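The structure under discussion appears below in the form of structure tokens.
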Amino acid sequence: MRLTPLLLLLVPLALVLLQLLLRWGLQRHSELLRSAHTHRPLQRQDAPIAVEVDVDSSPLFDSPAPREALPHYLVLDTETQDILHEEEVGIEFAPSPIILLSWQVLDATGACLSEETHLILRSASITEEATALHGITTEQMECEGEELRPVLERLLQAVSEAKVLVAHNVRFHRTLVLSELETVGLPTASLEALPTLCTMERGRVLGFKRRASGEAAYPKLSELFGYLYLHQPAVHVRFRHKGLRDIRLCAACLRQLIV
Numbered sequence: 000m001r002l003t004p005l006l007l008l009l010v011p012l013a014l015v016l017l018q019l020l021l022r023w024g025l026q027r028h029s030e031l032l033r034s035a036h037t038h039r040p041l042q043r044q045d046a047p048i049a050v051e052v053d054v055d056s057s058p059l060f061d062s063p064a065p066r067e068a069l070p071h072y073l074v075l076d077t078e079t080q081d082i083l084h085e086e087e088v089g090i091e092f093a094p095s096p097i098i099l100l101s102w103q104v105l106d107a108t109g110a111c112l113s114e115e116t117h118l119i120l121r122s123a124s125i126t127e128e129a130t131a132l133h134g135i136t137t138e139q140m141e142c143e144g145e146e147l148r149p150v151l152e153r154l155l156q157a158v159s160e161a162k163v164l165v166a167h168n169v170r171f172h173r174t175l176v177l178s179e180l181e182t183v184g185l186p187t188a189s190l191e192a193l194p195t196l197c198t199m200e201r202g203r204v205l206g207f208k209r210r211a212s213g214e215a216a217y218p219k220l221s222e223l224f225g226y227l228y229l230h231q232p233a234v235h236v237r238f239r240h241k242g243l244r245d246i247r248l249c250a251a252c253l254r255q256l257i258v
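Taking numbering that gives the first Met the number 0, the leading residue of the sequence shown gets 0, the next gets one more, and so forth.
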């Protein structure tokens with residue numbers, strides 16, 4: 000009976016204390032939610048939405064040269080039988096047989112005089128990894144492929160008229176072609192002597208792509224195009240033909256780089 004007055008006093012105090020604790024907890028929870036919303040890490044939906052361009056229909060790739068224009072730039076691209084990432088290969092690498100050889104001849108302003116792409120017939124199969132990269136199958140190569148030597152002879156004719164060789168990682172593509180020229184016994188001197196312009200190196204100098212260390216990184220061809228034309232590297236490129244995709248992207252990048 001003596002405890003009754005004390006309990007009557009403690010119960011209201013406990014209720015008040017519980018109320019205060021509940022209010023503090025709710026306020027703290029609200030603050031944490033606001034903080035999480037403000038400082039949440041970048042999620043997929045926050046990333047830049049890729050702009051879509053079509054190399055076969057976009058006016059950005061339509062730049063015909065006038066009839067009186069003279070050859071100046073030779074834009075080159077290769078696709079290989081095995082998987083080789085041109086942005087990743089080192090100074091020394093084992094060349095893989097070329098299965099697709101494409102080029103554009105441009106005048107001094109970057110306008111297009113001619114464009115060619117050739118699927119090369121090979122005796123060995125194309126690896127699954129390479130097919131996943133460029134979309135060319137062994138069956139397609141066997142049905143549509145051309146003999147290598149006549150294609151290289153056509154390329155050498157374009158080389159003889161050009162003043163500058165252009166490619167995205169020009170050393171990589173030139174090394175592959177030089178290896179093929181040696182294999183079939185065609186001269187290499189004219190290609191070796193041709194001055195070069197590398198869009199991949201130029202893209203690195205622009206510095207818009209960085210490694211985690213902060214060092215400038217080599218951009219992919221589509222990233223360089225997106226940066227130069229659309230002010231964002233996130234670009235989805237639609238195409239019907241991988242070889243034409245790359246030389247058209249490279250030529251378009253060149254036109255911006257030489258302005």
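C-beta atoms are modelled at their ideal positions from N, C-alpha and C, and glycine is treated no differently. Just so it is clear, the structure is predicted and the values come from calculations on it, not from any experiment.
If you follow the alpha helix (DSSP H) that E143 is in, where does it begin and where does it stop? As a position in the sequence shown, residue 143 is number 144, starting the count at 1. Going by DSSP, E143 is part of the alpha helix (DSSP H) stretching over T137 to E143.
So who's on the other strand from C111, going by DSSP bridges? Against the sequence shown, residue 111 aligns to sequence position 112. C111 is bridged to P63 and L105.
Beta-ladder partner(s) of A215, from DSSP: Stepping through the sequence shown from its first residue, residue 215 is reached at position 216. DSSP lists R209 as partners of A215.
On the premise that L205 lies in contact with V165, defined as a C-beta separation below 8 Å, what is that separation, rounded to the nearest angstrom? Within the sequence shown, the letter at position 166 stands for residue 165. Within the sequence shown, the letter at position 206 stands for residue 205. With a Cβ gap of about 16 Å, V165 and L205 do not count as contacting.
Give me the Cβ distance between A188 and V104, rounded to the nearest whole Å; I'm assuming they're in contact under 8 Å. Position 189 of the sequence shown, counted from the first residue, corresponds to residue 188. Position 105 of the sequence shown, counted from the first residue, corresponds to residue 104. With a Cβ gap of about 20 Å, A188 and V104 do not count as contacting.
Using only the alpha-carbon positions, how far apart do F60 and E141 sit? Position 61 of the sequence shown, counted from the start, is the residue given in the question as residue 60. Position 142 of the sequence shown, counted from the start, is the residue given in the question as residue 141. If I take the Cα positions, the gap works out to 30 Å.
Could you check what DSSP says for A35 in three-state terms: helix, strand or coil? Locating residue 35 in the sequence shown gives position 36, where the first residue counts as 1. Bear in mind that the predicted position of A35 carries a pLDDT of just 40, short of 50, making it unreliable; the figure below should be weighed with that in mind. Note: A35 maps to helix in three-state DSSP.
Nearest neighbour of R66, chosen from A251, L112, L243 and P194 [CA to CA]: As a working note, residue 66 is residue 67 in the sequence shown. The shortest C-alpha separation from R66 is found at L112.
Pick out whichever of I135, Q255, D245 and P58 has its Cα sitting closest to the Cα of Y226. Working through the sequence shown from its first residue, we reach residue 226 at position 227. Nearest C-alpha to Y226: Q255.
Please report the Cβ distance between I125 and T136, rounded to the nearest whole angstrom; I am assuming they are in contact, meaning their Cβ atoms lie under 8 Å. Start at 1 with the first residue of the sequence shown, and residue 125 comes out as number 126. Start at 1 with the first residue of the sequence shown, and residue 136 comes out as number 137. With 8 Å as the limit, I125 and T136 qualify as a contact, their Cβ atoms being about 7 Å apart.
Apart from the five residues just before and just after P194, which ones in its own chain have a Cβ nearer than 8 Å to its Cβ? As a position in the sequence shown, residue 194 is number 195, starting the count at 1. Cβ within range, chain order: K162, V163 and L164.
Could you tell me the distance, in whole angstroms, from the CA atom of L100 to the CA atom of E214? The count along the sequence shown starts at 1 and reaches residue 100 at position 101. The count along the sequence shown starts at 1 and reaches residue 214 at position 215. Distance between the alpha carbons of L100 and E214 is about 33 Å.
Is the separation between the beta-carbon of E179 and that of P94 shorter than 9 Å? Within the sequence shown, numbered from 1, the residue matching residue 179 stands at position 180. Within the sequence shown, numbered from 1, the residue matching residue 94 stands at position 95. A contact, by the Cβ cut-off of 9 Å.
For R33, collect the residues of the same chain with a Cβ closer than 8 Å to its Cβ; drop the 5 residues on either side in sequence, then sort them by chain order. On the sequence shown, position 34 is the one that residue 33 refers to. For R33, the predicted structure reports a pLDDT of 49, less than 50, and the residue's modelled location is therefore unreliable. The matter cannot be settled from this model.
Which same chain residues end up closer than 7 Å to E143 when comparing Cβ atoms and leaving out the 5 residues on each side of it in sequence? Counting from 1 along the sequence shown, the entry for residue 143 is found at position 144. Within its own chain, the residues whose Cβ lies closer than 7 Å to the Cβ of E143, once the five positions on either side in sequence are excluded, are L118, listed in chain order.
Neighbour-count burial assignment, A129, 16 or more Cβ in a 10 Å radius: Start at 1 with the first residue of the sequence shown, and residue 129 comes out as number 130. Burial call: buried.
Leaving out five residues before and five after R39 in sequence, what residues of the same chain have Cβ atoms less than 6 Å from its Cβ? On the sequence shown, residue 39 is found 40 positions in, with the first residue counted as 1. Legend: pLDDT at R39 = 38, less than 50; position of this residue unreliable, value from coordinates given subsequently. Hits under 6 Å: none found.
Give the secondary structure of R244 by DSSP, where H, G and I count as helix, E and B as strand, and everything else as coil. In the sequence shown, residue 244 corresponds to position 245, counting from 1. Three-state DSSP puts R244 in a helix.
Could you say which of I246, K241, R247 and A250 lies nearest to A131 if we only look at CA atoms? One-based indexing of the sequence shown puts residue 131 at position 132. The shortest Cα separation from A131 among I246, K241, R247 and A250 belongs to K241.
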